[in-house]
Amino acid sequence: MIRKATLLAVLSAALLAPTAAATPSEAAVSTATVTANRQTIDLSVQAITPELPRRPNDVIKVSGTIRNGSTTAQSGLQVRVRYSEAGRPLTDRAALATFAADQDQQLPNASPTSSMTIPALEPGATAQWQFTMTPAQLRMQTFGVYPITVELVSINATWQPLAKVHTFVTFAPLTAPKLPRNRLAVALPLLDQPHRSSDGTFLDDRLSAELKPGGRLADLAQIAKTAPKNVTWFMEPGLFDDLQAMSSEYVVKEAKKPANPAAAAWLGTIRESLADVPVVAVPYADPDVTALAHQGFDAGVDKAITVGGSAAGRHLGRVIPTNVNWPVGGKLDDDALDLLSVGKVGTVLLNPANVPPAVPPTTTLDGATTLDSVSGPVTALLPDEALSQTFELDGSAGGGAVINRQRFIAETAVIAAEPGQVRARNLVVAPSRRWNPDPALVSSLLKTAAKLPWLTPVPLGSMKAPKVQTPRGGLYYTEQDQREELSKKYLDPVKEIAAKADLATQITTDRKPAGFDAAVLRLTSAAWRTSKSGRTASKQVKEKIDERLARVTMSAASRDQSRTLAGVDGQFPISVRNQLSHSVTLLVDVTANNHEFLEVAPDYPKRLVINPGQSGVLQVPMNVKTSGDSTVTVRLKTESGLPYGEPVELTIRTTGYTGIALVIVGGALTVMLAAVVTRILRVRSKRRPARGAQTREGEKV
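Going by mature numbering (1 follows the signal peptide of the UniProt record, and there is no 0), the letters in the sequence shown line up with residues -22 to -1, 1 to 679, in that order.
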């Protein structure tokens, strides 16, 4: 149960809508409690049947419970029902909100119609109560919404009220004039925040608890199984990917977790339940669209829409549209609307405060209007706040579904009976985007909506803005709204990470994604507006991308490395190592740092294709102008010219000679060779006459 000391304040704030702001959890309160002398008595309404009496003599049953939540026995308690003897229905929605919110209010000219004395209650004990009455007894004569109060009083304390519950009974006599059947579209969110950083690492394991019976995801699956076919579901594909990852062994931070069979079962249930109902895919990871627009990260929105549609289709086995957007908080400005319209979004689901009317209305406005964007008209669907809040309930408050349902019937009845309505209007219901639903409440409201004679449930996609529209002042986006966005300080590093991830894709020969698209998109989620986990995720994703980029490097590329080039014209080898599991294509750009000493041939082939696990070698032709040391800068680039990694400076040591030096050396060698030959010939010529003289001397003897 809700803390008793604060319940009245919570209930007052919750039910005041639409004339005052209220949070969804506050709007769900339906158990009235007071605290007297630090002792609590809980009063709750468990049933009102029929929910829509049609005849003056229909028997209306109102029943509920009383619980003694104090530490002492309680006696002298009495329950009674009060109503207005004037028999006048509430004529507008502001009157409904005022009565529901003011728990201290007494009905005018009220008198008890019946009462029931409760036996003494021991601490923790519960007692049942029930009243029966007819519309005639409650002075209900014409169509309308009539207020009633269930009140708990103390006989021992001079009838002091201990607790009360305000609610409504809508009387719709069969003889009443026929009302226009307003179109009602219900949008239910299947949204969550990202739970992974890189694809293989979970930031937390909260989804496991939500999959258990009574958990948020389990309740959503239960609603999906029974919801009418005209309900439109907004799915966030990243949530489905997270659950898919959990269906196998997964890692939370650094701890391994076994496969969670509940994750696979949930996906199967949702796939079957949503097989033939309207489903819209929100951009992947539910990005902060306005922040991305303001920080120049337009590509992030476009990619989130594309990836979201692809992932949604993969999980549900059919094409899922992405042309409807439900931004965080239901708020956009013109920049964000233009960005979405360029991404083929033609309908946006917005908070009515984001598109205020030019003049305060006196009746309920149509829930559809038209906005202008850079790509043409965009339909804005504006959920009715009071109706949407009836779909949310604090699960710890017993009996709340009854009060919420009576409020829903009353609100829609008053809307239908508003003066001046000549045509059916569009009404949109959309609970908060990351709601924690009560399956029994939601199911009962959907069934009730289908039976009310002044409503026609329709899919969200059938909503069209009327030809004649109430003038509105355009998108109202405040400085406070902008301060709540993801900051420039947060998004600038994310943009750098996205650029690195794009490099990893660009170098793959087949240009297939390198697997970081989803991880980068998760960093843009609007969930990180209020959570520091986004920075943790950014750090982890950056480390993964840097690790991958480092697996393609120039072999032994160090700034202190030197290479020797012999000769005047030679080729210098550049080696690039690919340690990835697929082929990569890179451009190798080599530039001489001092052209007076060394030139790199301008027409060498720069493209290098390297197979997985291998090295590629590119021979770069160079021309030496003078011997000595020179340097070149080597850069790896993608085929589109983007730098890949840091440039590396290498030292080239040349030992060759210039052309003139070669001529001189060649001439010297020729002279030296000629001298040697001459010397040999001279020696031989001196030896020949000596041999002739000896012969002649021999002849004379």
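Even for Gly, the Cβ is constructed at its ideal location relative to N, Cα and C.
What span of residues does the alpha helix (DSSP H) with Thr76 cover, start to end?
Arg71 to Ala79
For a quick check, are the C-beta atoms of Leu405 and Gly345 less than 9 Å apart?
yes
Using the DSSP secondary-structure output, state which residues sit across from Glu474 in a beta bridge.
Bridge partners of Glu474: none, in fact.
Same chain, Cβ closer than 6 Å to Ala223, five either side skipped, listed in chain order
none
Quick one: what's got a C-beta closer than 7 Å to Ser353's C-beta in the same chain, skipping five residues either side?
Ser319 and Val320
When burial is assigned at 16 or more other CB atoms within 10 Å of the CB, is Asn601 buried or exposed?
exposed
When we look at the beta-carbon of Lys445 and count the other beta-carbons within 10 Å, is it buried (16 or more) or exposed?
exposed
Please check if any C-beta of chain B sits within less than 9 Å of the C-beta of Leu501.
Protein chains in the displayed structure number just one, and chain B is not present.
Tyr455 versus Phe149, Phe146, Gly307 and Phe212, residue with shortest Cα-Cα distance:
Gly307
Distance, Cα to Cα, Val285 vs Ala492?
14 Å
Among Thr18, Ala482, Gly398 and Ser516, the one whose alpha carbon lies nearest that of Pro172:
Ser516
Quick one: Cα of Arg71 to Cα of Glu521, how far?
55 Å
Could you spell out the range, first to last residue, of the beta strand (DSSP E) harbouring Ser175?
Unbroken run through Ser175: none, as it is neither H nor E.
Ala240 vs Tyr228 beta-carbon contact at 9 Å:
no
Sort Leu499, Gln518, Val519 and Phe386 by Cα distance to Ala263 and report the nearest one.
Leu499
Of all the beta strand (DSSP E) runs that stay within the bounds of the region 305 to 332, which reach a length of 3 or more residues?
325 to 327
Could you compute how far the alpha carbon of Glu474 sits from the alpha carbon of Ala253?
39 Å
In chain order, what residues of the same chain lie with their CB nearer than 6 Å to the CB of Asn134, ignoring the 5 residues before and after it?
Gly54
Status (buried if at least 16 other CB within 10 Å, exposed otherwise) for Thr192
Checking the sequence, you will find Gly at residue 192 rather than Thr. Result: exposed.
Give the range of the beta strand (DSSP E) segment to which Gly623 is assigned.
Pro621 to Thr632
Enclosing alpha helix (DSSP H) for Ile523 [first to last residue]
Ser511 to Leu527
Nearest by alpha-carbon distance to Thr76: which of Phe146, Thr179, Phe575 and Ala269 is it?
Phe146
Status (buried if at least 16 other CB within 10 Å, exposed otherwise) for Leu152
exposed
Rounded to whole angstroms, what's the CA-CA distance from Glu627 to Val595? Just pull it up for me.
17 Å
Are the CB atoms of Ala388 and Val123 within a distance shorter than 9 Å?
yes
Would you tell me roughly how many angstroms separate the C-alpha atoms of Ala(-18) and Asp80, rounded to the nearest one?
Because Ala(-18) sits at a pLDDT of 30, beneath the cut-off of 50, its placement in the model cannot be relied upon, and the point is left open.
What do you reckon, are the CB atoms on Pro435 and Glu370 nearer than 9 Å?
no
Beta-carbon proximity check, Ser440 vs Val407, cutoff 9 Å
no
Applying the criterion that 16 or more other CB atoms from any shown protein chain within 10 Å of the CB defines a buried residue, is Glu4 buried or exposed?
Reliability of the predicted coordinates at Glu4 is poor, the pLDDT of 34 falling under 50, and the value obtained from them is presented with this limitation in mind. Flag for Glu4 reads buried.
Under 9 Å between C-beta atoms of Val392 and Leu74
yes
Quick check: what's the CA-CA separation for Ser422 versus Thr210?
17 Å
Give the DSSP bridge partners of Gln273, in chain order.
Note: Gln273 sits in no beta bridge, so no partner.
Selection from Arg60, Arg555 and Ser509 that minimises the alpha carbon distance to Ala528
Arg555
Output the distance between the C-alpha atoms of Ser605 and Val598, rounded to the nearest integer angstrom.
18 Å
Just to confirm the assignment, what range does the alpha helix (DSSP H) spanning residue 733 have?
With the chain covering only -22 through 679, there is no way to say anything about residue 733.
Please work out which residues of its chain come closer than 7 Å, Cβ to Cβ, to Pro625, disregarding the five sequence neighbours upstream and downstream, and give them in chain order.
Thr611, Val612 and Arg613
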